[in-house]
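Have a look at the structure below before the remarks.
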Amino acid sequence: MSRATRATRRAAIVAVAAFGLTATPTDAVAQSWRSQGAWVSGHVAGGAFGPEFRRALGDEPPLPLPGMPGSGPVEVASRVWHLTGMLAVGVNGAPPAESGRGVEPLLYAHGGLLYRTGKSIPGYVGVVAAGYVPAGAVGPAAYLEAADVAALQLGAMHGHGAWHGHAALSLSMRFLRDVLGG
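Below you can see the structure in the form of structure tokens.
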């Protein structure tokens, strides 16, 4: 089996795992629809669009009792650990040279674990395993999200026998509609 075939198979496994993490019939819902710009050195320079899912982990924290003395703002605890997953489709404007194409379709998937900070910036921090098909690139990335609007991924992807730098920036479609007035 060639290296490209093994890398594509690993990327497909990441896609299936991301779908499996988020497609359970419980409380996993699309957190947001996102537009993502992606770069993997020598393999991907393109964009994708798709839903990102979140699923909170752990038991629901208890609500505070009503009528407690010393009235004032009531703080309610919430779950801070979340599973995340995203599936997106798009276009790769810089496929690997061995593909022989100038532009090719792109499938992106990620799955990982996030910690909700309780702040706007950063709102979530964590790690994800991400992959691109048919570019055959897969690997880990640090994940940093600001105010449920923009998420930045920085990491390394393995594909075609070597490790390559990876960066991706995704923006919430709700934010883009607000900015663009649509």
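The numbering used here puts the first residue of the sequence shown at 377, with every later residue one more than the last. A virtual CB, placed ideally from N, CA and C, is assigned to each residue, including glycine.
What would DSSP say about residue i, mapped onto helix, strand or coil?
i: VAL504; result: strand
i: VAL555; result: helix
i: ARG492; result: strand
i: PRO319; result: Summary: the structure shown does not reach residue 319, with the chain confined to residues 377 through 558, and so no result is reported for it.
i: THR402; result: Note that THR402 scores a pLDDT of 47, beneath 50, so its modelled location is shaky and nothing firm can be said.
i: GLY487; result: strand
i: VAL509; result: strand
i: GLY478; result: coil
Going by DSSP, what residue range makes up the beta strand (DSSP E) through residue i?
i: VAL514; result: 513-522
i: HIS540; result: 538-548
i: ALA526; result: 526-535
Do residue i and residue j have their C-beta atoms within less than 8 Å of each other?
i: PHE551; j: VAL525; result: yes
i: GLN412; j: ALA421; result: no
i: ARG410; j: GLY434; result: no
i: TYR519; j: LEU490; result: yes
i: HIS540; j: VAL416; result: yes
How many Å lie between residue i and residue j at the Cα?
i: VAL501; j: TYR484; result: 20 Å
i: GLY492; j: HIS536; result: Just to set this straight, residue 492 is Arg in the shown sequence, not Gly. Roughly 35 Å between the two C-alpha positions.
i: ALA543; j: ALA522; result: 16 Å
i: GLY531; j: SER546; result: 15 Å
i: ALA399; j: VAL503; result: A caution first: ALA399 carries a pLDDT of 48, below 50, which makes its placement in the model unreliable, though a value can still be read off. C-alpha separation (whole angstroms): 19 Å.
i: PRO401; j: ARG431; result: The predicted model places PRO401 with a pLDDT of 44, which falls under 50 and marks its position as unreliable; any figure quoted below should be read in that light. Cα to Cα, the separation comes out at about 11 Å.
| task | Jot down the residue ranges of each uninterrupted beta strand (DSSP E) in the region 407-437, minimum 3 residues, whole runs only, in chain order. | result | Counting only runs that start and end inside the region 407-437, the beta strand (DSSP E) elements of at least 3 residues fall at 420-432.
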